[in-house]
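First the structure, in the form of structure tokens, and then the observations on it.
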Amino acid sequence: MSQQIKSLEDSLRVTLFVRGRHGARLTRAGEALLVRARSIVGDCDSVEKLLRRVADGLEGYIRIGIINSVMYGPLPRTMHQFQKHNPEVEWTLHELLPDKQQEALVRGQIDVGFACSPTEHRELRSILVYPQPLVVALPDSHPLADCRSVRLRVLSVDRFVLLNTQSPMIRGILAACITEGFQPRVLHESADPETILSLVGAGVGISILPESLSTTPRENVAFVALDEPEMNADLYATVRRDDSLPALERFLALLSEVTNAWRSESSN
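This is how it looks when you write it as structure tokens:
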């Protein structure tokens, strides 16, 4: 150790210790170095603790891609609970269509994307969060508003207001209409479910939406099950295949718990 200190003194051209018959004492330079060395050791301890917390998913950040309609399910409740129990983990929301979510995931711009369709991209994988059917949203004055369920083909005479037609879910609805023998008359499309529901309530048209949007009563809007063909708007979480983010894993585990409770409440 003494040789290493002497080598350091020679290298810096400074004396750190005054050596005498009664031992050695620090010079001013040595005292300054000691203070800094103690700080460095403390910083190393802090860094070690930080890295351990990140590895345990207790610190870090999560960048979340969403489509608007997923915010009507258990996701907001999960975010609230996660933030409450994991205050050192930050998260940000990015509103992106499913295709844009996948692009952002591949580029490393977000960490998880939530949408109503799974990915087919080889670098990504999708996890089913919860299954849900599509339902028909009708003005409460509509002749079919009191029905328990309706078939898609009987809606051929109606006018539609739909969520963004660029999403895979809506493209699937349009394709199903054509299979049932009609081309739907789409008067308006919007990325905002509230806009769609307001138009339905005003009697402008009807819509087909994820069931989660029907869990809250809407003025002048009736929700009816879609009987045939059966169509779903299952919620998927899409992540990178090669990623292992502890904070994200904790978030998804909590989402699973909250989803089970939410589905139980919705069925009662």
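Here my numbering is used: position 119 in the sequence shown is 181, and no number is missing along the way.
A virtual CB, placed ideally from N, CA and C, is assigned to each residue, including glycine.
Less than 7 angstroms between C-beta atoms, sequence neighbours within five positions excluded: which residues of the same chain meet that for residue i?
i, result
"R75", "none"
"A199", "L259, V262, I268, S269, L271, V283, F285"
Here's a check: name, in chain order, each residue in its chain whose Cβ is nearer than 6 angstroms to the Cβ of residue i, leaving out the five neighbours to either side.
i, result
"F244", "S218"
"P180", "S188, Y298"
"W324", "P136"
"V248", "F222, L224"
"I240", "none"
"R215", "E242"
"F144", "F313, L316"
Can you list, in chain order, the residues of its chain whose CB lies under 8 angstroms from that of residue i, leaving out five sequence neighbours each side?
i, result
"V116", "Since pLDDT at V116 reaches only 44, below the 50 mark, its modelled position is unreliable, and no value is offered."
"P255", "N130, S131, Y134, L225, L271, L275"
"R210", "V286, A287"
"P201", "A207, V262, G263, A264, G265, I268, N282, V283, A284"
"L317", "P136, L137, T140, V191, A299"
"S229", "I129, L159, P160, A177, C178, S179"
If you compare alpha carbons, which of the options is closest to residue i?
i, options, result
"F176", "E256, M231, A264, L206", "M231"
"R213", "P291, I129, R125, E327", "P291"
"E185", "A199, L236, V174, W153", "V174"
"L167", "H183, E152, W153", "H183"
"E331", "H250, D220, Q171, Q145", "In this structure the chain extends from 63 to 330, so residue 331 is not present and cannot be described."
"A253", "P160, T277, L316", "P160"
"D304", "R98, R169, E152", "R169"
"A295", "E242, H250, R233", "R233"
"I126", "P149, Q163, R100, I240", "Q163"
"Q194", "P205, L206, C178", "C178"
"H147", "R312, S326, S69", "R312"
"I124", "H142, W153, Q145", "W153"
"D220", "I235, A315, H204", "H204"
Give me the Cβ distance between residue i and residue j, rounded to the nearest whole Å; I'm assuming they're in contact under 8 angstroms.
i, j, result
"V283", "G265", "That pair is no contact at about 10 angstroms."
"V197", "E273", "5 angstroms"
Is residue i close to chain D, meaning its C-beta is less than 9 angstroms from at least one C-beta of that chain?
i, result
"V197", "No chain D appears in this structure, which consists of one protein chain only."
With a threshold of 8 angstroms, establish whether the CB of residue i neighbours any heavy atom of the ligand MN.
i, result
"D296", "What this structure holds is no ligand at all, so the ligand MN is not there to describe."
Legend entry - Given 8 angstroms, three or more beta-carbon pairs between the segment 189-201 and the segment 296-307: yes
Legend entry - Those runs of the alpha helix (DSSP H) which lie wholly inside the segment 166-249 and span at least 4 residues: 230-241
Inset, instruction - Go through the segment 141-168 residue by residue and report every complete run of the beta strand (DSSP E) that reaches 3 residues or more, in order. - result: 151-157
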